[in-house]
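Down below is the structure, laid out as C-alpha cells.
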Amino acid sequence: MLGSVRRSEHMLAGLALVAGLAQPVAADAPRRVVSINLCTDQLAMMMAAPGQLVSVSNLAADPYSSAMAKEAEAYPVNHGLAEEVFLMRPDLVLAGRYTAKATVDLLERLGVPVVTLEPARSLSEIPDHIRIVGGAIGREAEAEALVARFEADLAALSVPEDQVLPLAALYYANGYSLGSNSLAGQVLEAAGYRNAAAEAGLAGGGNLPLEVLIMAMPDLVVRGTPYPGRSRSEDILTHPALDALGQGVAAPDLSDNDWICGTPQVIHALRGLVDTRKALEKAGS
Amino acid sequence: MTRCYSLILMALFAAVLVLFAGSLLVGPAAIGLGDSLAALFRGEGEMVTLVMREVRLPRAILGVLVGVALGLSGAAMQGLLRNPLAEPGLIGTSASAALGAVLALQTGLAAAFALALPLAALLGALISVLLILALAGPRGAIQTLILAGIGISALASALTSLVLNLSPNPFAASEIMFWMMGSLADRSMLHVGLAAPFILGGMLMMTRAWRGLDALTLGEDAAASMGVDLMRLRLWVVFATAAMVGAATAVAGAIGFVGLVVPHLLRRAVGASPARLLPASALGGAAVVLAADIVVRVIAPDRDLKLGVLTALVGSPFFLHLILRRRKDIA
Amino acid sequence: MSPVLQLSSLSVRRGECPVVDRADLSVAAGEFVGLLGPNGAGKTTLMRAILGLLPSSGENSLRALRPEARARHAAFLPQEREIAWPMPAEDVVALGRMPHPAATPAQNRAAIERAIAEMGLEGLRHRPATELSGGEKARVLIARALAQEAPVLLADEPTAGLDPAAQISVMEVFAAHARAGGTVIASLHDLGLAARHCTRLVLMARGRIVADGAPRDVLSPENLAEVFHLRAHVDWRDEGPIFQPLSVIGR
C-alpha cells in the first residue's frame, strides 16, 4: 500500500518536474505534510488545510529569509534532518532541489514520499510551482485561486511599452548580483527597469565588480538587507562609493525575503520597485 | 656597500611605485590610462573618479600598508629571535590577530566604536607574540618556535572558526577563508583610515629598534654590553609587530609568508644586517603584496582569489628550503 | 695610577646562595688579568656582574655609568661566538661603534680600520662572518670589541675551542693591547697560557677570590692543590714560564 502510494507520488513528482503542469490524481490527500525547504514552506502555508501541515523548516521562521516568518510561528520547525523529519511520521515531505540530497535519499529509503521543487528562475514559473505544491497536498482549488490572484496582480502592474526605462542593479554581499535569468532579475525587469547586471553580461547570478557597477551609473541600486552580526562580505554594501550612487530617490520598500522564493509574495517586491520607478521618473522630469 | 645598499633601496622603491601604479590601472572596469590619471588627479569624469579614488586607490594604498607591515614585522621578529623562520604567519601572530578582529566584529564592539577592530586585532597579535616569547624563549630555538607557532595558529584558527560558525550572520561563517588567507578586494578608504595609524605608528616604533637588533646579532650579552636595553628593545619590537600585523590583518585578513620570503630574498643583498634589512623588507613587502594583488585580479578577475593563496604557493617552497638548510640544527 | 676598574665587596646571589661572594678587585691600565678557577667558581658571573648584566650588591665603579657610557668604558667578549646573520666581517667589527653615537664617520672608520689591522682581518673583511672558521670568527669578534675603544676589555674564555696557534695569537693580541695601555680581563682554563701571557692572575674558588697577584705567586703548589686539585710542574724561565699539569690529587 505504502509502496504504491510512494510510486505514484514519485511519478507525480517526476511529471511535475518535467512538465510543471501535472495534476495530482490521488484520491486521498496527504494528512501529515512536512516541508523542509524555505520556498515549499511558504507555498504550503498559503494553501494547506488546517492541521495538514505538520512542520516547516527553521528558515521559514527566520525573518531575514522568510516573507512569512510570522505565519511560520504557528508551526513546529524542523532543521531538515532525516531523523527528526521521519519521527514526525509524515505521509508527504516537500523539499527543494537543493535540499541536502543525502536527507532526501534517506527519507525515500525509509519509505517517505518526497516531492522536490526546482527553484523558480522566472515569474512565469510561479503559477506552475503553486500548482505543483497545491496538487501534491491535494489543494487544487486553493492553488487555482492563488494563481488567479497572482496573475491579476501581475497584469495590474505591467509597464507601458513605450517608456524610457531607468537602469537598476541588485547588489548583495560579496558583490553578488543577478541578471535576467533569475527570478529577482525578472521582477526587476517586470517593474520597468533595465538591469545593469544583465547589461554587464551577467546571465544568472554572479559577481558584479563594484567598479563595473559604478561605471554603469545605475539610477537605483537595490542592496541586500544586512544580517545581524557583521561580516566582511556585507562590508561592500556600505562602501562609500556605493553611497555615491543612486541618490535620486529613497530605496524601495522591499526586503530580500520577498523574492528569494517563487511565491505570490514577489508581488510585494514588484510593487515596491514600480513605486520607486515612478518616484524616479517624477524626480527626473 | 653603502652605495650598493642605497641602490637596492632605490630599486625597491621604484618597484613599489610601478606596482602601485599598476594596481591603480588594473580592474574589471576597462578604463583607459589617460582617463584613469585624469580622474585620479583632476577628478575628471564623475564615475571614473569614483572608481579611481574610492575603489582602486584604497586597494592600492592598503596593498602598500599591508605589505610594509608584513615585511617589516617579519624582518624585525627574525632579528629579535635571531631565527630566519620567525614570521607573523608561521608563529601564529596573524591568526591571533584575525581572532581578535573577528571577536570585535561579532560581539558588535567594532560597530559601537570603529577603532575597536584594529585594537582587538592588535591585542590578539600581542598576546600571541608574548606567548611565543614565553614558549620559545628569547633565542627562539627553531623547533620550539615552529611548534609553538603551530599550536598558537591552530588554537586561534579554531576559535576564529568557532566564533564565525556561531555568528547569526550566514555570510560570516563562509568568511573563514578570508580570515585565513586574506584579500584586499572591495576595501574602502574607511579601512585605510582604520589601518594606517597603527601601521605608521608601528613603522615609527621600528625605527627605534634598528640599532638594537643589529647589536643582537652578536647575542644578548654582547648587545647588552654595547649599551642596548634588551627589555626595551623587546617591548618596542613586540608592540610594533602587534600593531602592524594587527591592523593589517583586521582589514585584509591573514596573509602568510610575505614576512618570510621578503627578508630571506633581501638578506644577503643588503649585507644581512637587521638595521639595513628592515627598511628594505618594508619596501619589498609592499612590492610583493601589490604584485600578488595585481596577479589575483589578472588571473581570476571574478573569483576574489585570496592573496594568501598566492603568497603561500610562492612562500612555502622557500619555507621548506629554509627547513632543509637548517636540518642540521633540527636534528 | 688610578684604577680603571674598582670592585669592593661585590656579591651576586642566586636565591640565598652567593655565586660571587664579596669580591674585591682593583685593576689598573696596562694590566692583562687572567681570571682563573675551576668550572662553577663564578668567573663568568663576576664578569657579567661587572658589566651590569646581572644585579649585584657591593661597590662596582662601572655601575654608576649609564649603559651607553658603560659600553664606552668596558667592552665584553662573551664565550659563545655568536654571529646570527651572514654579515661581512667588516660590518661585524663596525657594530663595536654602537656606543659612540656622537663620533664622526671618520672617527668610526678609523677605529674600525685600526681594529681590523690589529687583528689581521684585511683579507677577510668582505667575507660573511658566519662562514669563517672558529679562529677567524674569534678574531673578528675581538676586533669588534677593540673597535669599541673601551679602556677595559672583558673576555670570557676567549681561547676556548681554538687551535693552539689561534689560542696563542689571541693571548698575544691581548698582551699587546695591555702593553699599549689597555686593560684586559680574561677568564681562562689553560693555566699554561695564563702563566705565560698575563701580567696578573686572579684565582677564584666557590665564588670567592682566593688569590690575586703575579703569576708566580698565584700558581703556587698550594693554590693548585687546593683549588684545582692538581699537581703541576712549573719551570719559571727567562723566556716565560712553562706550566705542565702532572696529575690529579684525590679529592
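Protein chains in written order, with our numbering: chain A, 234 to 518; chain B, 1010 to 1340; chain C, 657 to 907. No residue lacks a Cβ here, since even glycine has one placed at the ideal position from N, Cα and C. Model, not experiment: these values are computed from the prediction.
Strictly under 9 Å for the Cβ-Cβ distance: is residue i near chain C by that measure?
i	result
serine 1015/B	no
valine 1237/B	yes
threonine 1226/B	yes
arginine 1335/B	no
arginine 1012/B	no
Listing by chain order, which chain B residues have their CB less than 8 Å from the CB of residue i?
i	result
arginine 781/C	Near arginine 781/C there are no residues of chain B at all, since even the closest Cβ is about 10 Å away, more than 8 Å.
proline 352/A	Within 8 Å Cβ-Cβ: nothing; proline 352/A doesn't reach chain B, min ~17 Å.
glutamate 467/A	Asn1178 and Phe1180
alanine 474/A	Leu1059, Val1060, Glu1063, Val1064 and Ser1197
leucine 775/C	According to the sequence as given, residue 775/C is methionine; it is not leucine. In chain order: nothing, as chain B lies at least about 15 Å away.
So with CB distances below 8 Å, who are the chain A contacts of residue i?
i	result
glycine 1036/B	Pro442 and Glu444
phenylalanine 1029/B	Per Cβ cutoff of 8 Å: no residues; phenylalanine 1029/B is ~17 Å from chain A at best.
Exposed or buried, residue i, counting other C-beta atoms within 10 Å across all chains shown (16 or more means buried)?
i	result
histidine 312/A	exposed
glutamine 396/A	exposed
glycine 1043/B	exposed
arginine 728/C	buried
isoleucine 1159/B	exposed
cysteine 272/A	buried
glutamate 467/A	buried
leucine 254/A	Residue placement at leucine 254/A is poorly supported in this model, since its pLDDT is 39, which falls under 50; the coordinates still yield a value, given next. Label assigned to leucine 254/A: exposed.
leucine 902/C	exposed
lysine 793/C	buried
tryptophan 741/C	buried
Name the chain C residues that come within less than 9 Å of residue i, Cβ to Cβ?
i	result
leucine 1150/B	The question names leucine, yet the displayed sequence has alanine at residue 1150/B. Under the 9 Å cutoff, chain C gives no residues; its nearest Cβ is about 13 Å from alanine 1150/B.
Can you pull the DSSP bridge partners for residue i?
i	result
aspartate 868/C	Val858/C
leucine 325/A	Val266/A
aspartate 891/C	Ile898/C
arginine 713/C	Reading off the sequence shown, one finds serine at residue 713/C, where the question assumed arginine. According to DSSP, which records beta bridges pairwise, serine 713/C is partnered with Ser667/C.
leucine 366/A	The identity of residue 366/A in the sequence shown is valine, whereas the question assumes leucine. Note: valine 366/A sits in no beta bridge, so no partner.
glycine 690/C	Ala842/C and Leu857/C
serine 903/C	Arg887/C
threonine 349/A	Ala328/A
With a threshold of 9 Å between beta-carbons, can residue i be considered close to chain B, or not?
i	result
arginine 427/A	no
arginine 322/A	no
proline 399/A	no
threonine 296/A	For the sequence presented, residue 296/A should be read as proline rather than threonine. By this cut-off, proline 296/A is not an interface position.
tyrosine 460/A	yes
alanine 477/A	yes
isoleucine 447/A	yes
asparagine 407/A	yes
alanine 417/A	no
glutamate 787/C	no
leucine 709/C	yes
proline 784/C	yes
Below 7 Å on C-beta distance, what does residue i contact in chain B?
i	result
proline 755/C	Met1235 and Gly1236
methionine 450/A	Met1056
aspartate 747/C	Gly1280 and Ser1282
isoleucine 739/C	Thr1226 and Leu1227
Counting only C-beta atoms, is residue i closer than 9 Å to chain A at any point?
i	result
proline 1310/B	yes
arginine 1051/B	no
serine 1166/B	no
serine 1183/B	yes
Just to make sure I have the definition right: I need the residues of chain B whose C-beta is within less than 9 Å of the C-beta of residue i. Which are they?
i	result
arginine 726/C	Ser1234 and Gly1236
glycine 437/A	The contacting residues do not exist; glycine 437/A stays about 13 Å from chain B at best.
Determine the chain A residues that contact residue i at a beta-carbon separation under 7 Å, and present them in chain order.
i	result
leucine 1114/B	Arg463
Please confirm whether residue i has its beta-carbon closer than 9 Å to some beta-carbon of chain F.
i	result
leucine 1059/B	Absent here is chain F; the protein component of the structure consists of chains A, B and C.
What residues of chain C sit near residue i, judged by a beta carbon separation below 7 Å?
i	result
alanine 1231/B	Phe732 and Pro734
aspartate 1223/B	Leu751
arginine 1277/B	Pro742
Cβ of residue i versus every heavy atom of the ligand HEM: is any distance shorter than 8 Å?
i	result
proline 1097/B	Among the components of this structure there are no ligands whatsoever, and the ligand HEM is therefore not found.
Continuous beta strand (DSSP E) assignments of at least 3 residues falling wholly in the segment 393-466 of chain A: 400-404, 409-411, 438-440 and 453-456
What are the complete alpha helix (DSSP H) segments, minimum 4 residues, inside the segment 1051-1127 of chain B? 1055-1059, 1066-1090, 1102-1115 and 1118-1121
Segments assigned alpha helix (DSSP H), at least 4 residues, entirely inside the segment 1205-1263 of chain B: 1219-1225, 1229-1234 and 1239-1261
If we require 4 or more residues per run, which alpha helix (DSSP H) segments fall completely within the segment 260-312 of chain A? Counting only unbroken stretches of 4 or more residues, the alpha helix (DSSP H) elements lying wholly within the segment 260-312 of chain A are 271-280 and 302-305, in sequence order.
Please give the ranges of any beta strand (DSSP E) in the segment 725-805 of chain C, keeping only runs that are unbroken, at least 3 residues long and fully inside the region. 730-733
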